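When we follow full-length UniProt numbering, the leftmost residue of the sequence shown carries the number 1, and every step to the right adds one. All remarks here apply to the structure that follows.
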Amino acid sequence: ALDFSSHKSQAAEFDKAAEEDKKLKAQLREKEMLDMYSYFKQTKVGAVNTECTGKLDFKGKTKWDAWNKLKGMSKEDPVKVYIANVKELKDKYGTA
């Protein structure tokens, strides 16, 4: 997880992006939602710290897999990607 104490401006930008993410006008495509979820979790929690859900929980397993793909990423990269993704989605869909 990102140490926000040493990255205050980036943390503020991330928090702003997280709020803007909630206000997107359109329903995101599944891949867009998974990307947003995985980069958000990687920023807030760090590498996956839970067991994979059962195979019958398709949605949970899909989310876990998306997050797990980011394992080994630096602490700063998921923040930058998340912020860039929100900007791109705002341009694409607009906000409420």
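Backbone N, C-alpha and C fix where the C-beta goes; we use that ideal spot for every residue, glycine too. Nothing here was measured: the structure is a model prediction, and the numbers come from that model.
The secondary-structure analysis by DSSP pairs Leu24 across a beta bridge with Thr95. Taking a C-beta distance under 8 Å as the contact criterion, Ser38 and Lys69 qualify as a contact pair. By the criterion of at least three beta-carbon pairs nearer than 8 Å, the stretch 16–28 is in contact with the stretch 82–96.
Within the same chain, Tyr39, Gln42, Thr43, Leu70 come within 7 Å of Pro78 by CB-CB distance, once the 5 residues on both sides are set aside. In this structure, DSSP gives Lys75 a state outside helix and strand, which the three-state scheme calls coil. Straight-line measurement puts the Cα of Thr95 at about 7 Å from the Cα of Glu20.
For Asp57, the three-state secondary structure derived from DSSP is coil.
Distance from the CA of Thr62 to the CA of Ala18, rounded to the nearest whole angstrom, comes to 21 Å.
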